[in-house]
Amino acid sequence: MSEEEKIKMKRQLSMQQMSYQSDLKKIEREQNDLRNERRRLDQERSRMDVYIKENEEKVKKNNEKETYLNDELQRLKKRLIELG
(Lines of atoms letter the chains of each structure in order from A and count residues from 1; the text may use other names and numbers.)
(Lines give C-alpha, C1' and ligand atoms only; values in the text may rest on other atoms or scores of the structure.)
Protein backbone atom coordinates (compact mmCIF):
# COMPACT_ATOMS: atom_id res chain seq x y z
CA MET A 1 0.00 0.00 0.00
CA SER A 2 1.42 3.35 -1.00
CA GLU A 3 1.77 6.30 1.33
CA GLU A 4 -0.95 8.11 -0.56
CA GLU A 5 -3.34 5.18 -0.10
CA LYS A 6 -2.48 4.98 3.60
CA ILE A 7 -3.15 8.68 4.04
CA LYS A 8 -6.43 8.36 2.15
CA MET A 9 -7.46 5.36 4.26
CA LYS A 10 -6.50 7.15 7.49
CA ARG A 11 -8.56 10.11 6.42
CA GLN A 12 -11.57 7.92 5.66
CA LEU A 13 -11.22 6.08 8.95
CA SER A 14 -10.84 9.34 10.81
CA MET A 15 -13.98 10.74 9.18
CA GLN A 16 -15.85 7.55 9.96
CA GLN A 17 -14.67 7.72 13.56
CA MET A 18 -15.84 11.33 13.87
CA SER A 19 -19.19 10.37 12.39
CA TYR A 20 -19.58 7.53 14.88
CA GLN A 21 -18.59 9.78 17.76
CA SER A 22 -21.13 12.34 16.63
CA ASP A 23 -23.80 9.64 16.41
CA LEU A 24 -22.88 8.41 19.88
CA LYS A 25 -23.19 11.90 21.33
CA LYS A 26 -26.56 12.30 19.67
CA ILE A 27 -27.73 8.98 21.13
CA GLU A 28 -26.45 9.98 24.58
CA ARG A 29 -28.39 13.26 24.38
CA GLU A 30 -31.53 11.41 23.31
CA GLN A 31 -31.12 8.91 26.15
CA ASN A 32 -30.68 11.74 28.62
CA ASP A 33 -33.77 13.47 27.25
CA LEU A 34 -35.72 10.23 27.56
CA ARG A 35 -34.56 9.72 31.15
CA ASN A 36 -35.63 13.26 32.00
CA GLU A 37 -39.00 12.74 30.34
CA ARG A 38 -39.43 9.48 32.26
CA ARG A 39 -38.69 11.29 35.55
CA ARG A 40 -41.15 14.02 34.66
CA LEU A 41 -43.84 11.50 33.80
CA ASP A 42 -43.20 9.53 36.99
CA GLN A 43 -43.61 12.72 39.02
CA GLU A 44 -46.77 13.61 37.14
CA ARG A 45 -48.15 10.11 37.73
CA SER A 46 -47.42 10.46 41.45
CA ARG A 47 -49.26 13.78 41.55
CA MET A 48 -52.19 12.26 39.67
CA ASP A 49 -52.29 9.29 42.06
CA VAL A 50 -52.57 11.70 45.00
CA TYR A 51 -55.22 13.75 43.18
CA ILE A 52 -57.23 10.61 42.38
CA LYS A 53 -57.02 9.37 45.95
CA GLU A 54 -58.16 12.73 47.33
CA ASN A 55 -61.10 12.80 44.92
CA GLU A 56 -62.07 9.22 45.71
CA GLU A 57 -62.19 10.21 49.39
CA LYS A 58 -64.38 13.21 48.54
CA VAL A 59 -66.72 10.99 46.53
CA LYS A 60 -66.94 8.55 49.43
CA LYS A 61 -67.77 11.36 51.88
CA ASN A 62 -70.35 12.79 49.50
CA ASN A 63 -71.94 9.36 49.10
CA GLU A 64 -72.11 9.02 52.87
CA LYS A 65 -73.69 12.47 53.16
CA GLU A 66 -76.16 11.63 50.42
CA THR A 67 -77.14 8.40 52.16
CA TYR A 68 -77.55 10.21 55.47
CA LEU A 69 -79.64 12.98 53.92
CA ASN A 70 -81.85 10.50 52.06
CA ASP A 71 -82.38 8.55 55.27
CA GLU A 72 -83.25 11.75 57.14
CA LEU A 73 -85.58 12.83 54.35
CA GLN A 74 -87.40 9.49 54.51
CA ARG A 75 -87.62 9.76 58.30
CA LEU A 76 -89.08 13.28 58.02
CA LYS A 77 -91.60 12.19 55.36
CA LYS A 78 -92.68 9.30 57.54
CA ARG A 79 -93.03 11.62 60.52
CA LEU A 80 -95.11 14.09 58.47
CA ILE A 81 -97.41 11.27 57.34
CA GLU A 82 -97.82 10.15 60.94
CA LEU A 83 -98.73 13.69 61.97
CA GLY A 84 -101.32 13.80 59.22
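Residue numbering for the sequence shown follows the working numbering, beginning at 7 and increasing consecutively.
Just so you know, even glycine gets a beta-carbon here, dropped at the ideal spot from N, CA and C.
Met7 carries a coil assignment under DSSP once its states are collapsed to helix, strand and coil. Linking Arg53 to Leu86 through their CA atoms gives a straight-line distance of about 49 Å.
Arg81 and Leu89 have their C-alpha atoms some 12 Å from each other.
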